[in-house]
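In the order they appear, the protein sequences are chains A and E. Be aware that the first sequence starts at 1099, since it is given in the working numbering, and climbs by one per residue. Be aware that the second sequence starts at 2, since it is given in the working numbering, and climbs by one per residue. All C-beta atoms, glycine included, are put in the ideal place defined by N, C-alpha and C. Report on one structure; see the data block that follows.
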Amino acid sequence: AQSVTQPDIHITVSEGASLELRCNYSYGATPYLFWYVQSPGQGLQLLLKYFSGDTLVQGIKGFEAEFKRSQSSFNLRKPSVHWSDAAEYFCASKTSYDKVIFGPGTSLSVIP
Amino acid sequence: EAQVTQNPRYLITVTGKKLTVTCSQNMNHEYMSWYRQDPGLGLRQIYYSMNVEVTDKGDVPEGYKVSRKEKRNFPLILESPSPNQTSLYFCASGLTGTSPLHFGNGTRLTVT
């Protein structure tokens, strides 16, 4: 079955440190890939998306992600984390049934 | 302002008492969907709708009903709620099923 995995359930980083959240997908064809962020008590908000073209995509809030077909990965990065980035992050991928499935999420804590 | 509105935000009910969670979007989106979010499982799709009067089952449809009589509204109905439906529910909408989604702020349901 097609799936999206996020190997890290929880990550803690210090404010100002760099961040990388991992995501792997199993959809074989050219995927549509997304990263969403969920702040406490809120719904999910789109950070960025990849459909085609440049494999490094820029998003909101200073985030970027790189699509690597050879590794079936779409990792999210930020060079310097702010305390307000503490949230749950979800990777998502289109499936062959024209649906989007979500990974289990990575919870990010930021130490001041 | 573009938004997806869910009501209520919090709901506590007893086993077997029918309830409806409403969802409305003001972006003229064709696609709407319901998800439930449980710890460690990410978001799982309950039902979705590609357009008015067109609905289909997602991954976990048992115990739920939906209807799409108008483009803007997509209510979720639990005719006989059970404790295993205690969860955080999200409504989302998008231009298509693989477009970026706009999410409501969620409904936290507790069934005792």
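Under 8 angstroms between C-beta atoms, does residue i make it to chain E?
i: residue 1172 of chain A; result: no
i: residue 1144 of chain A; result: yes
i: residue 1202 of chain A; result: yes
i: residue 1188 of chain A; result: yes
i: residue 1159 of chain A; result: no
i: residue 1132 of chain A; result: yes
i: residue 1192 of chain A; result: yes
Which residues in chain A have a C-beta closer than 9 angstroms to the C-beta of residue i? List them in chain order.
i: residue 106 of chain E; result: 1139, 1140, 1141
If the cut is a Cβ gap below 7 angstroms, which residues of chain E does residue i touch?
i: residue 1196 of chain A; result: 98, 99
Check residue i in the structure and name its three-state DSSP category.
i: residue 69 of chain E; result: coil
i: residue 29 of chain E; result: coil
i: residue 1120 of chain A; result: coil
i: residue 10 of chain E; result: coil
i: residue 1169 of chain A; result: helix
i: residue 1205 of chain A; result: strand
Express the C-alpha separation of residue j and residue i in angstroms, rounding to a whole number.
i: residue 58 of chain E; j: residue 51 of chain E; result: 11 angstroms
i: residue 1147 of chain A; j: residue 67 of chain E; result: 29 angstroms
i: residue 5 of chain E; j: residue 23 of chain E; result: 10 angstroms
i: residue 1171 of chain A; j: residue 1150 of chain A; result: 14 angstroms
i: residue 1127 of chain A; j: residue 1100 of chain A; result: 11 angstroms
Spell out whether any CB of chain A is found under 8 angstroms from the CB atom of residue i.
i: residue 44 of chain E; result: yes
i: residue 91 of chain E; result: yes
Strictly below 8 angstroms CB to CB, what residues from chain A border residue i?
i: residue 41 of chain E; result: 1107, 1202
Is the number of C-beta pairs between the region 56-70 of chain E and the region 1187-1196 of chain A that are closer than 8 angstroms three or more? As far as the Cβ criterion goes, the region 56-70 of chain E does not touch the region 1187-1196 of chain A, which means the pair count is below three.
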